[in-house]
Each structure stands twice: as C-alpha cells, then as structure tokens.
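In this text, residue positions in the sequence shown follow the numbering used here: the first is 1, and each later residue adds one. Glycine included, each C-beta is placed from N, C-alpha and C at the ideal position. Since we're looking at a predicted model, the values are computed, not measured. Reviewing the structure listed below.
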Amino acid sequence: MKSRLVILAVSLFALFSYYCSEPSNRAEATSFLNLHDSVQYVGKDVCLQCHTDIHQSFQETGMGKSFDLATPQKSAGDFSKIHVVYDKDLDLSYRPYFKNDSLYVFEFRVTNGDTVHKRKQFIKYIVGSGQHTNSHLYEVNGYIFQAPITFYTQKGIWDLPPGFEQGFNSRFNRQIGLECMSCHNGYPKFVKGSENKFLKVPNGIDCERCHGPGSIHIREKREGILVDTSKYIDYSIVNPGKLSVDLQFDLCQRCHLQGNAVLKPGKSFYDFKPGMKLSDVMEVYLPRYENDESQFIMASHADRLKQSACFKVMAEKNADVNSLRPYKNALTCVTCHNPHVSVKKSGSTAFNAKCNSCHSGAGKSICSEKESIRAISNNDCVSCHMPVSGSLDIPHVTVHDHYIRKRPVVVTSSPERGKFKGLSAINEKLPSKLSQAKAYIQQFEKFDPDKPFMLDSAAIRLNENDENAFKNNFHLFIHLYFAKKDYGKVAELTKRYGESILLGKILNKQSWDNQDAWTAYRIGESFSSLNAPQQAIQFFKVAYRLAPFQYEFANKYGSAALFVNDLLEAERVFKRLTEEIPVYAPGWTNYGYVRLLNGDEQTAENCYRKALDLNPDYTQASVNLAGLYAYRGNNVEARTLLNKILKREPNNLQIKDLLKKIPLR
Numbered sequence: 001m002k003s004r005l006v007i008l009a010v011s012l013f014a015l016f017s018y019y020c021s022e023p024s025n026r027a028e029a030t031s032f033l034n035l036h037d038s039v040q041y042v043g044k045d046v047c048l049q050c051h052t053d054i055h056q057s058f059q060e061t062g063m064g065k066s067f068d069l070a071t072p073q074k075s076a077g078d079f080s081k082i083h084v085v086y087d088k089d090l091d092l093s094y095r096p097y098f099k100n101d102s103l104y105v106f107e108f109r110v111t112n113g114d115t116v117h118k119r120k121q122f123i124k125y126i127v128g129s130g131q132h133t134n135s136h137l138y139e140v141n142g143y144i145f146q147a148p149i150t151f152y153t154q155k156g157i158w159d160l161p162p163g164f165e166q167g168f169n170s171r172f173n174r175q176i177g178l179e180c181m182s183c184h185n186g187y188p189k190f191v192k193g194s195e196n197k198f199l200k201v202p203n204g205i206d207c208e209r210c211h212g213p214g215s216i217h218i219r220e221k222r223e224g225i226l227v228d229t230s231k232y233i234d235y236s237i238v239n240p241g242k243l244s245v246d247l248q249f250d251l252c253q254r255c256h257l258q259g260n261a262v263l264k265p266g267k268s269f270y271d272f273k274p275g276m277k278l279s280d281v282m283e284v285y286l287p288r289y290e291n292d293e294s295q296f297i298m299a300s301h302a303d304r305l306k307q308s309a310c311f312k313v314m315a316e317k318n319a320d321v322n323s324l325r326p327y328k329n330a331l332t333c334v335t336c337h338n339p340h341v342s343v344k345k346s347g348s349t350a351f352n353a354k355c356n357s358c359h360s361g362a363g364k365s366i367c368s369e370k371e372s373i374r375a376i377s378n379n380d381c382v383s384c385h386m387p388v389s390g391s392l393d394i395p396h397v398t399v400h401d402h403y404i405r406k407r408p409v410v411v412t413s414s415p416e417r418g419k420f421k422g423l424s425a426i427n428e429k430l431p432s433k434l435s436q437a438k439a440y441i442q443q444f445e446k447f448d449p450d451k452p453f454m455l456d457s458a459a460i461r462l463n464e465n466d467e468n469a470f471k472n473n474f475h476l477f478i479h480l481y482f483a484k485k486d487y488g489k490v491a492e493l494t495k496r497y498g499e500s501i502l503l504g505k506i507l508n509k510q511s512w513d514n515q516d517a518w519t520a521y522r523i524g525e526s527f528s529s530l531n532a533p534q535q536a537i538q539f540f541k542v543a544y545r546l547a548p549f550q551y552e553f554a555n556k557y558g559s560a561a562l563f564v565n566d567l568l569e570a571e572r573v574f575k576r577l578t579e580e581i582p583v584y585a586p587g588w589t590n591y592g593y594v595r596l597l598n599g600d601e602q603t604a605e606n607c608y609r610k611a612l613d614l615n616p617d618y619t620q621a622s623v624n625l626a627g628l629y630a631y632r633g634n635n636v637e638a639r640t641l642l643n644k645i646l647k648r649e650p651n652n653l654q655i656k657d658l659l660k661k662i663p664l665r
C-alpha cells in the first residue's frame with residue numbers, strides 16, 4: 001500500500017509540474033496535449049458554455065462572420081432595387097434576389113429582345129464577413145460550387161467574383177475544395193475521393209481553428225482539473241498568446257498567407273493545428289518581381305508585416321525569438337489585433353495606442369510629421385504608415401497594407417510588374433528542391449498558364465538524369481511532363497514504372513488530395529492524346545476507382561469505355577454521373593448519346609436539352625442535338641443550331657464540315 005501511495009504522489013507531482021511549468025524551448029510545443037491526432041473537435045457551442053462573453057464578441061468579428069447560410073441577416077448585399085451584372089465576354093447577365101428569405105441567382109441571356117436562356121440557382125451559403133465582400137455558394141448532393149456574382153461592400157456594388165473577369169467566367173462551375181473551405185470556414189467533413197464534396201459544413205470560423213481541438217480541455221474542466229492561467233500554462237488547449245513569435249505567426253498565416261500552398265508528402269489541409277510549425281504541413285510560395293514592394297494580394301498580411309522595420313527591429317531585440325517563451329515586446333498579429341473583438345469596435349484609438357507604446361517619449365508621440373499634416377488624418381498613425389490600397393487579386397476592395405513604412409508608396413493603379421525574380425517560400429527559409437519544383441508546376445497551372453518558363457524552373461530542380469529520381473518522384477515527373485504536354489515522355493515513364501507504382505493502388509485507396517488518382521488521370525489523358533485508347537481506359541479506370549466522386553474522372557472513364565465499345569460500362573458510369581452531380585452538363589450529354597445508341601431518341605433529346613439548360617454554350621451538347629435533328633430529317637433546326645455555334649466559334653472547322661453535309665431543307 002505504501003509503494004502505491006509513493007507512486008501516486010510521484011504521479012501527482014509530475015502532473016503538477018507538467019501543468020505548472022512554462023516552456024523554455026521550441027521542442028516543448030509538443031507539450032500541448034491537443035496536438036495529438038486522437039483529440040477530437042467539439043464545436044463552438046460547447047465552448048460557449050463557459051466562454052459566453054468571448055463567444056458573443058467573436059461572433060461579430062470577420063472570422064466569426066466568415067461563412068454562414070444565405071439569409072437576409074447574413075447578407076451585406078444591396079437588394080433595395082433590381083441589380084443586374086452583365087458579362088460582356090459571355091453575353092450573360094446575373095441578377096441576385098431574395099424570395100421568401102431564400103437567395104437565388106438568376107442567369108439569363110437576351111438576344112434581339114427575347115430571353116433565350118434562363119437558369120435559376122438557389123444559393124445556400126454566403127462566404128465573407130461583409131467587411132469587404134460577400135460571395136455566394138450553392139450545393140448539390142454535397143458538392144459545393146461558387147456562383148458567378150459577388151457583392152463588394154466598400155463600393156456597394158454587385159459584380160463578377162474575383163477571377164471571373166475578362167473572359168474567365170466559369171459560371172456555376174468553380175469548385176470550392178478543401179483548401180478554400182479550410183481557410184474561409186471551420187473544418188468541414190470532407191468526402192475523400194472528391195474535389196469538392198462535403199458531408200457537413202460549419203457556419204463560420206470557430207474557436208478551435210485558433211485554439212486546436214478541445215475534447216481534452218472540455219473533459220479535464222468537467223473533471224475539475226483547473227489551472228491558474230494567470231501564472232501557468234494550461235496544456236490541455238493552445239492559448240496562442242503563450243506561443244513563440246514564430247508559432248504565433250504560423251497560426252495566423254495558415255490563412256492570412258494565401259498563395260501557392262505545397263503540402264508536405266502525406267499531409268492535408270486538415271493536418272495543421274495551432275502550436276505546430278506550419279512548414280511541417282505545408283510551404284506557401286509567393287512570386288517575387290522587381291519593383292513590386294507596393295503590390296500585394298489580399299491575404300498576405302503576415303508576409304507584409306514581416307517586411308516591416310517594426311517587426312525586424314523587435315526580432316533583433318529578442319535574440320531568443322525562436323523559443324517557445326512568449327515576449328511582451330515582440331511584434332505579432334495579436335500585438336494589435338484582439339481576435340475576439342471586431343476591428344470595427346476596436347477603433348483607431350486602440351491601434352494608435354499600440355503604435356505609441358513603442359514610438360513615444362516623455363508621454364508624447366515622437367512622430368516627426370508636421371502638426372498640420374497630422375491634423376488632416378486626426379493623428380491616425382495607420383492612415384499614414386499603413387495606407388489603404390487595392391490588392392492584386394480582389395477588385396473593388398481596399399485594405400490596409402501591413403508593410404509598415406515611414407513613407408509608404410500608395411499604388412493608385414496597377415503598374416506593370418518588373419522582371420520575375422522567382423517563387424519565395426514565405427514560411428520556410430530552406431525549402432527542398434522537390435517542394436520548389438512542385439511550387440513552380442502549381443504556379444503555372446493555377447496562376448500563370450501563360451508563363452511556360454515556370455515549368456522549366458521546375459525541371460531544373462528535378463534531376464532528370466538520375467534513374468532513381470524518376471522512380472522516387474514518379475507523380476511529380478508525370479505532373480511536369482503532362483503540364484508540358486510531353487505525352488510521349490509520360491507514356492515512357494509509365495511503361496517503366498507505372499504498373500508497379502500506380503496500378504497496385506486500385507483497391508479503393510482514397511485520399512485527401514487524390515494524388516494517385518490525378519496521376520492516373522494525367523497518364524490516361526496522355527495515352528488518349530497518343531491515340532492509344534486501350535492504355536488510356538486502363539488508367540482512367542484507376543483514376544475513377546481512386547476518386548469516384550471526382551466527376552471529371554468519371555466522365556473521362558465513361559467516354560473511354562464508349563470509345564472502346566463497352567456500351568454497358570459507359571451507360572452505367574454516365575447514369576450514375578447524372579444522378580450524383582445533376583448540374584454537370586457533360587454528364588447529361590454523354591448519357592444522352594449512350595441512350596441514343598440504344599435507340600432511345602426521346603431520352604437522348606431530353607438529356608441534350610438538360611445539358612443546354614445548364615450551359616447554353618456547351619458545344620458538344622449542341623452538336624449532338626443538331627445531329628439528332630438531322631437524323632430525324634429536321635434539317636432546318638439542325639442547321640439553325642449549328643449556325644449558332646459557328647457565330648460563337650467562327651473558326652470551328654467541325655461545325656463548318658457538318659453544315660456542308662446537312663441539306664438546306
């Protein structure tokens with residue numbers, strides 16, 4: 001019995017020491033119990049039970065209002081009159097409106113005074129706090145897409161969303177995947193084997209995004225295990241204020257450093273938790289150009305702040321800045337921002353006080369500007385040293401530049417950037433060559449498809465002369481050569497390594513990022529381009545099996561099955577596709593074609609019309625419908641439809657050839 005008491009006493013002492021000690025080095029970041037993968041998220045409603053005041057004030061912040069159901073209460077949009085946004089490039093118009101508290105976006109086209117196309121889409125979610133924008137999302141069977149209209153609050157106008165301008169309007173087809181959702185919202189329940197399908201979506205960024213999963217914290221408090229946080233650190237949950245400068249920045253820049261994110265092998269956008277090094281999960285790259293220090297993207301606050309003299313001087317003063325011990329004089333995001341309180345309620349006085357806490361002497365500000373000039377801005381430090389400016393990626397929006405300077409340059413237009421200097425890993429000083437190579441490939445595909453030199457930069461960082469490099473980095477090389485459209489090289493590598501590396505993974509191995517599925521898809525596309533349909537279908541099938549909810553893979557596999565005359569498999573795939581994702585026009589077009597081959601003309605026509613209701617400019621659906629008209633002898637209708645395509649695509653040789661074959665009557 002005595003030995004048991006001794007053991008118990010030792011255990012209690014260890015527990016006391018564990019909770020009542022302050023960390024002294026970076027390694028002790030792992031001391032936070034809620035970083036373990038087994039710890040569960042509990043939801044903000046559980047946090048509310050003890051932290052009512054904080055919860056209520058947080059709900060008024062930009063993060064608290066980041067995402068919610070599309071209701072009149074959530075919307076910042078102006079519905080006082082009819083607003084129509086016209087896209088001159090696609091000749092389509094959009095009108096947002098509420099009906100019985102339900103939000104819709106109406107897409108239409110008017111030709112010669114007649115409305116020739118109409119599509120009404122129910123909007124389920126609004127993303128954005130309304131401080132800068134409200135964008136609009138819709139959901140079908142768990143698949144989430146962005147609608148082609150955004151409200152820009154600062155100017156009070158409706159317009160196309162960022163990235164939809166200048167002929168790039170993807171209409172209702174922009175996928176909202178895990179990367180987007182994991183920054184603009186709390187963590188959702190994501191369907192593996194998809195790109196944008198979710199089982200459950202939270203309503204707004206919640207407590208656990210900054211404090212980590214709370215199941216241990218909740219359990220211990222309910223068991224009466226309490227910690228005097230005025231003296232000690234409670235390791236059951238992360239308090240960002242107790243983190244080091246670097247780890248505080250990593251927490252904030254998980255989302256306030258948006259760019260070209262390269263995940264580490266085996267990691268997903270779910271894996272980062274507060275208190276971790278962001279570079280252990282991902283590296284975020286931004287392009288650097290000459291003479292571009294006054295241009296920035298919207299969510300680059302952390303990058304801009306770290307370029308400031310204020311930050312650098314503070315970092316130099318704190319020689320032990322990389323340790324876990326917090327510093328009162330270190331400049332981080334939370335030095336000025338209370339994440340539980342809206343910036344609107346903080347007011348300029350609070351921010352000026354932060355500036356003057358360092359830049360003052362004998363109780364007075366040491367600002368050297370003339371009093372007359374300072375009076376114009378009411379002695380507001382931020383207006384001079386962090387002026388509002390437009391961002392490179394979001395139109396109609398101004399934001400305070402977090403690059404704090406004595407005489408900042410205010411950009412009033414968008415001047416041409418200087419020479420490209422390279423991609424910079426903002427949160428990792430020494431990124432690996434493989435990481436850099438992937439970054440350049442992604443930069444080309446996602447942001448700069450008009451800059452093929454990005455792929456050359458990727459190739460330089462990969463050792464193409466090393467036989468083992470091909471095998472060890474098979475996915476990356478396939479991605480590179482596919483992006484270069486070097487389909488022969490893709491086929492060559494596949495024949496050497498593909499079967500052992502990829503085909504053995506056909507047994508339903510679904511992943512967060514679908515890496516294997518994308519590699520199989522790229523190989524299938526390459527063989528298809530090389531007119532090797534038997535090899536193509538083999539890999540399209542792998543892609544489909546690995547990512548059955550990636551509807552583009554299903555469409556490719558079904559098309560390949562049709563090409564090799566496997567009509568039964570093609571019909572099975574396309575029928576499931578129309579049921580799974582009924583807003584996908586190619587699925588309806590191909591299912592209609594299969595039904596036509598089976599002699600079911602009416603179903604085929606219905607499918608083609610359904611596709612054109614979704615997308616009036618979908619050429620393949622129009623061609624198929626025209627072919628059906630011609631088959632029935634309705635030559636005038638067939639030619640009318642083909643001429644509409646030719647007006648839109650005057651250089652389409654296929655349409656010109658078809659018109660020659662169809663009699664005038």
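List the whole-angstrom C-beta distance separating residue i from residue j, where the pair is believed to meet the contact cut-off of C-beta under 8 angstroms.
{"i": "A547", "j": "G524", "result": "The Cβ separation is near 12 angstroms, so there is no contact."}
{"i": "F98", "j": "P72", "result": "6 angstroms"}
{"i": "L199", "j": "S424", "result": "Actually they are not in contact, since the Cβ atoms of L199 and S424 sit about 37 angstroms apart, beyond 8 angstroms."}
{"i": "N472", "j": "L462", "result": "Not confirmed; about 10 angstroms, so no contact."}
{"i": "S135", "j": "P161", "result": "5 angstroms"}
{"i": "N185", "j": "S66", "result": "6 angstroms"}
{"i": "G193", "j": "F470", "result": "With a Cβ gap of about 27 angstroms, G193 and F470 do not count as contacting."}
{"i": "S459", "j": "L480", "result": "Sequence inspection shows Ala at residue 459; the Ser mentioned does not correspond to that position. Contact flag correct, Cβ pair sits at about 6 angstroms."}
{"i": "S528", "j": "Y403", "result": "About 48 angstroms; that fails the 8 angstroms criterion."}
Check this for me: beta carbons of residue i and residue j, under 8 angstroms apart or not?
{"i": "K489", "j": "E290", "result": "no"}
{"i": "Q258", "j": "I297", "result": "yes"}
{"i": "H256", "j": "A299", "result": "yes"}
{"i": "C358", "j": "C207", "result": "no"}
{"i": "L178", "j": "F190", "result": "yes"}
{"i": "P582", "j": "V140", "result": "yes"}
{"i": "W512", "j": "S268", "result": "yes"}
{"i": "A621", "j": "Y629", "result": "no"}
{"i": "V334", "j": "P240", "result": "yes"}
{"i": "G62", "j": "S129", "result": "yes"}
{"i": "K124", "j": "F108", "result": "no"}
Along the chain, where does the alpha helix (DSSP H) that runs through residue i open and close?
{"i": "L659", "result": "653-661"}
{"i": "E580", "result": "567-580"}
{"i": "K99", "result": "Where K99 is concerned, there is no enclosing alpha helix (DSSP H), although the beta strand (DSSP E) it sits in stretches over 92-99."}
{"i": "S294", "result": "Premise fails: S294 is in no alpha helix (DSSP H) and is neither H nor E."}
{"i": "I441", "result": "433-442"}
{"i": "Y544", "result": "533-546"}
{"i": "Y125", "result": "No alpha helix (DSSP H) holds Y125; the beta strand (DSSP E) holding it covers 125-127."}
{"i": "C355", "result": "343-356"}
{"i": "E492", "result": "487-493"}
{"i": "V334", "result": "333-336"}
{"i": "S511", "result": "Taken as a continuous stretch (DSSP letters only), S511 belongs to no alpha helix (DSSP H), as it is neither H nor E."}
{"i": "M454", "result": "453-461"}
{"i": "K306", "result": "301-306"}
{"i": "H340", "result": "That residue, H340, is in no alpha helix (DSSP H); it is neither H nor E in DSSP."}
{"i": "I478", "result": "474-483"}
Between residue i and the ligand HEM, is the CB less than 7 angstroms from at least one heavy atom?
{"i": "D78", "result": "The model depicted lacks the ligand HEM and carries no ligand whatsoever."}
How far does the beta strand (DSSP E) with residue i in it reach, from first residue to last?
{"i": "W158", "result": "157-159"}
{"i": "T150", "result": "143-152"}
{"i": "D87", "result": "85-87"}
{"i": "R254", "result": "Taken as a continuous stretch (DSSP letters only), R254 belongs to no beta strand (DSSP E), as it is neither H nor E."}
{"i": "L725", "result": "The shown model of the chain, from 1 to 665, leaves out residue 725, and the question about it has no answer."}
Pull up the DSSP beta-bridge partners for residue i, would you.
{"i": "K120", "result": "F106"}
{"i": "D114", "result": "T111"}
{"i": "L286", "result": "S424"}
{"i": "T133", "result": "Y152"}
{"i": "L263", "result": "M282"}
{"i": "E139", "result": "I144"}
Could you give the uninterrupted runs of the alpha helix (DSSP H) lying entirely in the segment 369-412, keeping only those of 4 residues or more?
Complete alpha helix (DSSP H) runs here, min 4: 371-376, 381-385.
Could you name each continuous alpha helix (DSSP H) segment of 4 residues or more that falls completely within the segment 166-231, going from the start of the chain to the end?
With a minimum length of 4 residues, the continuous alpha helix (DSSP H) runs that stay inside the segment 166-231 are 178-184, 208-211, 215-222.
If we require 4 or more residues per run, which alpha helix (DSSP H) segments fall completely within the segment 591-624?
Along the segment 591-624, the alpha helix (DSSP H) occurs as fully enclosed runs of 4 or more residues at 601-614, listed in sequence order.
Every unbroken alpha helix (DSSP H) within the segment 28-61, with a cutoff of 4 residues, ordered by chain
Those alpha helix (DSSP H) runs which fall completely within the segment 28-61 and span 4+ residues are 44-48, 52-58.
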